[in-house]
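Contents: one structure, followed by commentary.
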């Protein structure tokens with residue numbers, strides 16, 4: 002997992018009040034972390050830190066650590082640790098799916114983080130993610146759409162379903178518990194659309210233990226630590242064109258403080 006840094010001695014998470022941005026059991030600092038676990042702040046260093054499949058502009062795919070960082074024979078997906086207050090959350094296994102087969106490709110799980118007013122810790126994260134986005138699009142010979150960056154918000158999302166293809170029949174898939182899909186709608190389309198991942202949830206206890214929980218435990222107002230991967234997502238546009246988006250995909254969400262405790 003890589004962390005966002007402020008400078009050579011300070012991580013962004015260290016700037017949250019009362020040390021809340023750090024897991025109790027985590028002793029990592031900017032000084033003792035290896036270089037691969039600190040997200041570079043400048044373009045040239047970042048370019049030597051990550052790499053992307055040049056075919057991702059058509060197929061999509063993950064962002065990898067550069068071979069110079071992990072070794073020529075290794076292929077390791079990048080993961081970044083972020084902290085913030087939960088603003089919007091839809092982490093059920095079916096996300097915002099409307100229950101129809103035609104709606105499956107558009108279904109997403111989403112988690113939106115906000116600064117809660119602590120911009121010193123949050124803004125560097127926004128800038129770091131924007132830097133990764135710009136570099137990835139540059140490596141794929143794409144220019145990002147001009148947009149106004151919200152320095153108080155980070156949107157994390159991932160597609161709920163993956164299209165079932167003949168060569169993927171042995172891929173690991175997940176069944177949706179009846180509690181999250183009482184009518185079994187996901188089961189009815191699993192021959193076309195499968196769930197190949199699930200967001201992991203956890204809660205930090207008062208004694209510092211991190212206890213796994215269903216991600217549904219995360220609610221608006223919680224202060225969380227999130228591990229995210231970086232994905233290039235290709236999607237269809239009109240007239241046979243394809244669009245490209247760099248998504249930050251939630252993998253593990255740890256509640257550090259519940260909503261009723263999490264005030265800046």
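Numbering (my numbering), first residue to last: 2 to 265.
Backbone N, C-alpha and C define an ideal beta-carbon position, used for all residues, glycine too.
List the residues that DSSP assigns as beta-bridge partners of residue 244.
236
If you count every other CB in all the chains shown that lies within 10 Å of the CB of residue 248, and 16 or more means buried, which is it?
buried
Among the candidates 255, 240, 208, 165, whose CA atom is the shortest distance from the CA of residue 223?
255
Given a cut-off of 8 Å, decide if residue 203 and residue 214 are closer than it, judged by their beta-carbon atoms.
Yes. Within cutoff.
Run through the DSSP bridge pairs and tell me what residue 269 is partnered with.
The structure shown does not extend to residue 269, since the chain spans only 2 to 265, so no value can be given for it.
Using the C-alpha atoms, what's the distance from residue 239 back to residue 189?
29 Å
Any chance you could list the beta strand (DSSP E) runs of at least 3 consecutive residues sitting entirely within the region 142–223, in chain order?
154–160, 201–205, 211–214
Nearest to residue 257 by alpha carbon, out of 5, 26, 13?
Residue 26 is the option with its Cα nearest to residue 257.
Between the alpha carbons of residue 74 and residue 22, how many angstroms are there, rounded?
34 Å
Selected residue, minimal CA-CA separation from residue 85, among 172, 19, 114:
114
How far does the beta strand (DSSP E) with residue 5 in it extend, from its first residue to its last?
For residue 5, the enclosing beta strand (DSSP E) stretches over residues 3–5.
Secondary structure at residue 121, three-state DSSP: helix, strand or coil?
helix
Are there 16 or more other CB atoms within 10 angstroms of the CB of residue 94, so buried, or fewer, so exposed?
buried
Mind the definition here: the region 130–141 touches the region 173–183 only if three or more C-beta pairs lie below 8 Å; say whether that holds.
When Cβ pairs closer than 8 Å are counted between the two stretches, the region 130–141 is seen not to touch the region 173–183, the count staying below three.
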